[in-house]
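Taken in order, these protein sequences are the chains called A and B. Remember, the working numbering sits 183 above the position in the first sequence when you count from 1. Remember, the working numbering sits 14 above the position in the second sequence when you count from 1.
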Amino acid sequence: MVNKIKLARIEKGLTQAQLAKRVNATRQTIGLIEKGEYNPSLNLCIAIAKELEKTLNDLFWEES
Amino acid sequence: MKHSFLHVFLPKDEYKRMRVVGFLAEAAVMVAVMLILTVFISSWFDWSLDSMVLAFAAFGFIVIYTYLRYILSGIEFTDVVSKDNYFKTKIKIRKRATKFGAIFFIVLLLTRGIPNSWSVFFEILGLSVFAFILMLIFDRLSLKKSYEKNKDLLE
Numbered sequence: 184m185v186n187k188i189k190l191a192r193i194e195k196g197l198t199q200a201q202l203a204k205r206v207n208a209t210r211q212t213i214g215l216i217e218k219g220e221y222n223p224s225l226n227l228c229i230a231i232a233k234e235l236e237k238t239l240n241d242l243f244w245e246e247s
Numbered sequence: 015m016k017h018s019f020l021h022v023f024l025p026k027d028e029y030k031r032m033r034v035v036g037f038l039a040e041a042a043v044m045v046a047v048m049l050i051l052t053v054f055i056s057s058w059f060d061w062s063l064d065s066m067v068l069a070f071a072a073f074g075f076i077v078i079y080t081y082l083r084y085i086l087s088g089i090e091f092t093d094v095v096s097k098d099n100y101f102k103t104k105i106k107i108r109k110r111a112t113k114f115g116a117i118f119f120i121v122l123l124l125t126r127g128i129p130n131s132w133s134v135f136f137e138i139l140g141l142s143v144f145a146f147i148l149m150l151i152f153d154r155l156s157l158k159k160s161y162e163k164n165k166d167l168l169e
């Protein structure tokens, strides 16, 4: 999950600050999510997925 | 959280909000335990405690504990990542502390009235300078903690 968000963000050409602004969070929160140090709420997960044009599965599902 | 009256006072960012709620909950549990212990101890030793003092102590503890945890957790200045931004924020903090000290001075003058001696004037001035220094120290500490935390999360 950790690198998937970061990769999707970079793929979209966004900085942490830009993504944070679009999903009404702070840059620190996005950094913590990317590092796997904070589990976001479902609402924030959906907002991030929408901004990055990915599904929740693409970003948050851990494949075994 | 939207259904709680606390919602109005909490930060908009969900991570910050969750942390602040956690600090408030910790403080509330500690106050509850301390109050129960105080009741037991005062009954054992037959102390008579002023309820006004207890109420202010409990309220003060919750405010101070939550504030200290907040500044030490490095969640106040979420966007300070670069050295340049760090120094700019330091200047802003100094200005904010100066304003706070000035407002503190004016409020003291208004509540105590125009001082009739130099000693009273210096007492008011001293308290205002103390408020300025405290504000500056806490804000600088919070900034340092936030900067260190943000650097670790850098893209």
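In this text, a Cβ means the ideal position worked out from N, Cα and C, and glycines have one as well.
*Got a sec, what are the start and stop residues for the alpha helix (DSSP H) VAL45 (chain B) sits in?*
Note, VAL45 (chain B): alpha helix (DSSP H), 28-58.
*Taking only beta-carbon atoms, is ASN186 (chain A) less than 8 angstroms away from chain B?*
Output row for ASN186 (chain A): interface = no.
_Would you say THR103 (chain B) lies against chain A (beta-carbon separation less than 8 angstroms)?_
Chain A has no Cβ within less than 8 angstroms of the Cβ of THR103 (chain B).
*asked:* Does GLU245 (chain A) pass the burial test, meaning 16 or more other C-beta atoms within 10 Å, or should it be called exposed?
replied: GLU245 (chain A) is exposed by the Cβ-count criterion.
*For VAL67 (chain B) versus LEU168 (chain B), is the C-beta distance shorter than 8 angstroms?*
No; because the gap between Cβ atoms is not below 8 angstroms, this pair is not in contact.
_Is there a Cβ of chain B sitting closer than 8 angstroms to that of LEU227 (chain A), yes or no?_
For LEU227 (chain A), the answer is yes, since a Cβ of chain B falls inside 8 angstroms of its Cβ.
*Where THR238 (chain A) and ARG192 (chain A) are concerned, what is the direct C-alpha to C-alpha distance, given to the nearest angstrom?*
Just so you know, the alpha carbons of THR238 (chain A) and ARG192 (chain A) end up roughly 13 angstroms apart.
*DSSP state of TRP61 (chain B), grouped into three classes?*
Coil, per DSSP.
*Residues of the stretch 87-118 of chain B with Cβ closer than 8 angstroms to any Cβ of chain A, in chain order*: Of all residues in the stretch 87-118 of chain B, ILE89, THR92, ASP93 and VAL95 have a Cβ within less than 8 angstroms of some Cβ in chain A.
*Straight-line Cα distance separating LYS204 (chain A) from ARG151 (chain A)*: In the structure as shown, chain A starts at 184 and stops at 247, and residue 151 (chain A) therefore has no counterpart that could be examined.
*Would you verify that the beta carbon of TYR81 (chain B) is, or is not, closer than 8 angstroms to some beta carbon of chain A?*
So no, TYR81 (chain B) is outside the interface.
*From B:GLY36, B:VAL34 and B:PHE144, residue whose alpha carbon lies closest to that of ALA111 (chain B)*: Looking at the Cα atoms, B:PHE144 is the closest of the given residues.
*Can you have a look at VAL22 (chain B) and say buried or exposed, based on whether 16 or more other CB atoms are within 10 angstroms of its CB?*
Looking at its Cβ environment, which holds fewer than 16 other Cβ atoms inside 10 Å, VAL22 (chain B) is exposed.
_Just to confirm my understanding: we take LYS195 (chain A), look at its own chain, exclude 5 residues before and 5 after, and list those with CB closer than 6 angstroms. What are they?_
Excluding the 5 residues flanking it on each side, LYS195 (chain A) has same chain C-beta neighbours closer than 6 angstroms at LEU235, in chain order.
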